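Trainee: Residue 476 in my numbering sits at position 117 of the sequence shown, with consecutive numbering throughout. In this text, a Cβ means the ideal position worked out from N, Cα and C, and glycines have one as well. Bear in mind that the values here come from a model prediction, so they are computed numbers and not experimental data. Sharing a structure, written as structure tokens. Questions coming.
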Amino acid sequence: MQRIKVKASTNYEVVIGKDLLNKIGVEIRKIAEPCKVGIITDNKVAGKYLETVKNSLEKEGFTTYNFVFKNGEKSKTVETFIKIQNFLAENEFSRKDILLALGGGVVGDLTGFCASTYMRGIRYVQAPTTLLAGIDSSVGGKTAIDLKAGKNLVGTFYQPIKVVFDIKTLDSLPEKEYLNGLGEGVKYAIMDGGEIYELVKDGLSHANLEKFCALCVKSKKAVVEKDEKEGGYRKILNLGHTFAHAIEKLSDYTIPHGRCVAMGLKIIADVSLKQGWLSTAESILVEKLLKNNGLMTPSPFEKKDMIEVMRRDKKVSGDKITIVSIAKIGKCEFKEIKLDQLKKYLR
Ligand code: NAD
Ligand code: GLY
């Protein structure tokens, strides 16, 4: 088991290990007196883990309530947000009480946003059950809901009071969701190099999963502690994301985020090579890393369509866009590039 301390506007611990959900009551009791806990989850996750979590909390004296919504990004909406706020009010939740996000990034983002706004802020715990949520979205306090106009357009920075990541839950995760998370994980390997890169360069083995997750969280923690509210440096976590967001949008969000990130990583490696920012030898390492982890799917979209979406990106200034480039495995840098130049490099 690993315990990682995050020092942000709220200091909290990220606990990573096996069979933690049946001890989640004990984990929360360490930092909170018995109170109401509103478990927010989706129908798929509820069927597998809700009972275990409820029993564990009740054993420690917490009173549990649960709100279950339909799984998937389509639920990360204002409508679900309002339903959860009403559920909290109807059950007389107060500022002394706690929300618990049990699920993937959709549950985590939505619950965090509800917690940050209900009564101007109540405490919440993240219990991620997908690889993506465990290594990325449950840490760092970005909360969000989507609008018709785009993803994550409404949100806050609001840190949880604890993250409990039971990696045993990944045993029930479908392969496609696992690869989705691995897309973000490989991003950390490129950013940091060293131990994370060594663990995944030939393909991540199950035996190394806990260590890998902990290293990803440590990597994110280091960035969040430097720039919690994304004044500048935190944007380094957007490695591969400029292209990923364009692919996601063009697919009408049918290709999962992490898969789009993996496609974006290949594109930024190509762009970095062609601009002379990355050597041929290092670009081959990036390619091998993606290939060995089953993440070498090319973007299915035309370059002119990708560029059109990117023109509307908030990182665009005039005819240029700021992107996170790869200098080598373990070193990424912000670079400005003309959109027309970028277009030439896309396939
Ligand atoms: P998700 O929450 O939709 O989960 C994916 C699917 O897996 C769902 O159908 C879910 O029901 C199912 N599932 C979850 N856990 C399971 C388990 N253990 N076994 C079987 N099925 C399980 O998606 P996600 O990929 O976890 O998260 C994506 C979301 O995260 C997006 O909304 C994205 O915007 C957000 N995100 C947020 C941040 C952040 O910093 N806040 C970072 C990256 C992504
Ligand atoms: N996933 C990007 C961030 O947390 O900043």
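#1: Report back the beta-carbon spacing between Tyr537 and Leu529 to the nearest angstrom; my notes put them in contact at under 8 Å.
#2: Can you determine whether any heavy atom of ligand 2 sits closer than 7 Å to the C-beta of Asp495, and answer yes or no?
#3: Going by Cα to Cα distance, which pick from Glu449, Arg479, Ser434, Val396 is closest to Ala486?
#4: How do the region 419-437 and the region 383-390 stand: do at least 3 beta-carbon pairs fall below 8 Å, yes or no?
#5: Taking just the CA atoms, how far does Ile595 sit from Phe660?
#6: Let me make sure I understand the geometry here. Which of Arg482, Phe426, Asn450 has the alpha-carbon closest to that of Thr439?
#7: Would you identify the three-state DSSP class for Asp505, choosing helix, strand or coil?
#8: When you compare only the Cα positions, how much space is there between Asp401 and Gly431?
#9: So, does the region 446-457 touch the region 475-482, judging by three or more C-beta pairs under 8 Å?
#10: Using 10 angstroms around the beta-carbon of Glu584, count the other beta-carbons present and answer buried if the total reaches 16, otherwise exposed.
#11: Can you give me the Cβ contacts of Glu692 inside the same chain, cut-off strictly under 6 Å, excluding the 5 residues immediately before and after it?
#12: Is any non-hydrogen atom of ligand 2 found closer than 7 Å to the C-beta of Gly590, if you look at the structure I gave you?
#13: Cα separation between Gly509 and Asp699?
#14: Any heavy atom of ligand 2 inside 7 Å of the beta-carbon of Arg593?
#15: Heavy atom of ligand 2 less than 7 Å from the Cβ of Lys501, yes or no?
#16: CB Ile398 to CB Leu459, shorter than 8 Å?
#17: Is Ala460 helix, strand or coil when you go by DSSP?
#18: On the criterion of 16 or more Cβ atoms from any shown chain inside 10 Å, does Thr453 qualify as buried, or is it exposed?
#19: So, for Ile626: in the same chain, excluding its five sequence neighbours on each side, which residues have a beta-carbon less than 6 Å away from its beta-carbon?
#20: Count the other CB atoms, across all protein chains shown, that sit within 10 Å of the CB of Val466; report buried if there are 16 or more and exposed otherwise.
#21: Just to confirm, does Pro657 get its C-beta within under 7 Å of one of the non-hydrogen atoms of ligand 1?
#22: Pop quiz: Ala605 and Leu649 are said to be a contact at Cβ under 8 Å. What is the actual Cβ separation, rounded to whole angstroms?
#23: Do you know how far the Cα of Met550 is from the Cα of Gly677?
#24: Which first and last residues belong to the alpha helix (DSSP H) in which Thr639 is found?
#25: If you follow the alpha helix (DSSP H) that Tyr537 is in, where does it begin and where does it stop?
#26: With a threshold of 7 Å on Cβ separation, who are the neighbours of Val545 within its own chain once the five nearest residues in sequence on each side are excluded?
#27: Say yes only if the C-beta of Leu512 is nearer than 7 Å to one or more non-hydrogen atoms of ligand 2, and no if none qualify.
#28: Who pairs with Lys697 in a beta bridge, going by DSSP?
#29: Which residues does DSSP list as the beta-bridge partners of Tyr371?
#30: I'd like the span of the beta strand (DSSP E) that includes Gln518, first residue to last.
#31: Would the beta-carbon of Ile383 fall within 8 Å of that of Val576?
#32: DSSP state of Glu451, grouped into three classes?
#33: In this structure, how does DSSP classify Tyr556 when only helix, strand and coil are distinguished?
#34: Output yes or no for whether 8 Å exceeds the beta carbon distance between Thr689 and Gly553.
#35: So, at 7 Å on beta carbons, what are the nonlocal neighbours of Val668 in its own chain, with the 5 sequence-adjacent residues on each side left out?
Mentor: With the given structure in hand:
#1: Taking the sequence shown and counting its residues from 1, the one referred to as residue 537 is at position 178. Taking the sequence shown and counting its residues from 1, the one referred to as residue 529 is at position 170. Cβ atoms of Tyr537 and Leu529 come within 8 Å of each other, at about 7 Å.
#2: In the sequence shown, residue 495 corresponds to position 136, counting from 1. Yes, Cβ of Asp495 sits closer than 7 Å to a heavy atom of ligand 2.
#3: On the sequence shown, position 127 is the one that residue 486 refers to. Ranked by how close their Cα comes to the Cα of Ala486, the residues Glu449, Arg479, Ser434, Val396 have Val396 in first place.
#4: Between the region 419-437 and the region 383-390, the count of Cβ pairs shorter than 8 Å is three or higher; the stretches touch.
#5: Numbered from 1 along the sequence shown, position 301 holds the residue referred to as residue 660. Numbered from 1 along the sequence shown, position 236 holds the residue referred to as residue 595. Phe660 and Ile595: Cα-Cα distance of roughly 25 Å.
#6: Position 80 of the sequence shown, counted from the start, is the residue given in the question as residue 439. For the residues Arg482, Phe426, Asn450, the minimum Cα distance to Thr439 belongs to Phe426.
#7: Residue numbering aside, residue 505 sits at position 146 when the sequence shown is read from its first letter. Per DSSP, reduced to three states, the secondary structure at Asp505 is strand.
#8: As a first step, residue 401 is located in the sequence shown; it is residue number 42 there, counting from the start. As a first step, residue 431 is located in the sequence shown; it is residue number 72 there, counting from the start. Cα to Cα, the separation comes out at about 8 Å.
#9: Yes: at least three Cβ pairs fall under 8 Å.
#10: Within the sequence shown, numbered from 1, the residue matching residue 584 stands at position 225. Exposed, because fewer than 16 other Cβ atoms sit within 10 Å of the Cβ of Glu584.
#11: In the sequence shown, counting from the first residue as 1, residue 692 sits at position 333. Only Ser684, Ala686 meet the Cβ criterion.
#12: Looking up residue 590 in the sequence shown gives position 231. No, Cβ of Gly590 sits at least 7 Å from all heavy atoms of ligand 2.
#13: Position 150 of the sequence shown, counting from 1, holds the residue named residue 509. Position 340 of the sequence shown, counting from 1, holds the residue named residue 699. Cα to Cα, Gly509 sits roughly 25 Å from Asp699.
#14: Taking the first residue of the sequence shown as position 1, residue 593 is located at position 234. With a threshold of 7 Å, the Cβ atom of Arg593 counts as near ligand 2, since some heavy atom of the ligand is closer than that.
#15: Numbered from 1 along the sequence shown, position 142 holds the residue referred to as residue 501. Checking every heavy atom of ligand 2 against the Cβ of Lys501, one is found closer than 7 Å.
#16: For the purposes of this step, residue 398 is taken as residue 39 along the sequence shown, with counting starting at 1. For the purposes of this step, residue 459 is taken as residue 100 along the sequence shown, with counting starting at 1. It is a contact, given that the beta carbons lie within the stated cut-off.
#17: Here residue 460 refers to the residue found at position 101 of the sequence shown. Collapsing the DSSP output to three states places Ala460 in a strand.
#18: For the purposes of this step, residue 453 is identified with residue 94 of the sequence shown, where counting begins at 1. Per the sequence shown, the amino acid found at residue 453 is Ser instead of Thr. Exposed: under 16 other Cβ atoms inside 10 Å.
#19: As a first step, residue 626 is located in the sequence shown; it is residue number 267 there, counting from the start. For Ile626, where only same-chain residues beyond five positions count, the Cβ hits under 6 Å are Phe602.
#20: Against the sequence shown, residue 466 aligns to sequence position 107. Note on Val466: 16 or more other CB atoms within 10 angstroms of its CB, so buried under the neighbour-count rule.
#21: Looking up residue 657 in the sequence shown gives position 298. No - ligand 1 has no heavy atom lying nearer than 7 Å to the Cβ of Pro657.
#22: Taking the first residue of the sequence shown as position 1, residue 605 is located at position 246. Taking the first residue of the sequence shown as position 1, residue 649 is located at position 290. Here Ala605 is actually not in contact with Leu649; their C-beta atoms are around 18 Å apart, not less than 8 Å.
#23: Position 318 of the sequence shown holds residue 677. Position 191 of the sequence shown holds residue 550. Spanning the two alpha carbons is a distance of roughly 28 Å.
#24: Along the sequence shown, read from residue 1 onward, the residue named residue 639 stands at position 280. Here the alpha helix (DSSP H) through Thr639 covers 639-651.
#25: By one-based count along the sequence shown, residue 537 stands at place 178. It spans 534-551 - the alpha helix (DSSP H) in which Tyr537 sits, taken as one unbroken run.
#26: Looking up residue 545 in the sequence shown gives position 186. Excluding residues within five positions, the ones whose Cβ falls inside 7 Å are Val559, Ala621, Leu624, Leu648, Leu649, Asn652, Leu654.
#27: Along the sequence shown, read from residue 1 onward, the residue named residue 512 stands at position 153. No; taking the cut-off as 7 Å, the Cβ of Leu512 has no heavy atom of ligand 2 nearer than that.
#28: In the sequence shown, counting from the first residue as 1, residue 697 sits at position 338. Per DSSP, the beta bridge partners of Lys697 are Lys679.
#29: Taking the first residue of the sequence shown as 1, we reach residue 371 at position 12. As DSSP reads the structure, Tyr371 sits in a beta bridge with Val365.
#30: Within the sequence shown, the letter at position 159 stands for residue 518. Per DSSP, Gln518 belongs to no beta strand (DSSP E) and is neither H nor E.
#31: Within the sequence shown, residue 383 is the residue found at index 24, counting from 1. Within the sequence shown, residue 576 is the residue found at index 217, counting from 1. Taking 8 Å as the Cβ cut-off, Ile383 and Val576 do not qualify as a contacting pair.
#32: Here residue 451 corresponds to residue number 92 of the sequence shown, with the count starting at 1. It is coil, neither helix nor strand.
#33: What you label residue 556 is simply residue 197 of the sequence shown in a count that begins at 1. Helix at Tyr556.
#34: Stepping through the sequence shown from its first residue, residue 689 is reached at position 330. Stepping through the sequence shown from its first residue, residue 553 is reached at position 194. For the record, residue 689 in the displayed sequence is Gly; it is not Thr. Taking 8 Å as the Cβ cut-off, Gly689 and Gly553 qualify as a contacting pair.
#35: Within the sequence shown, residue 668 is the residue found at index 309, counting from 1. Sequence-distant partners of Val668 (beyond 5 residues in either direction) whose C-beta falls short of 7 Å from its own C-beta, in its chain, are Ala605, Lys608, Leu609.
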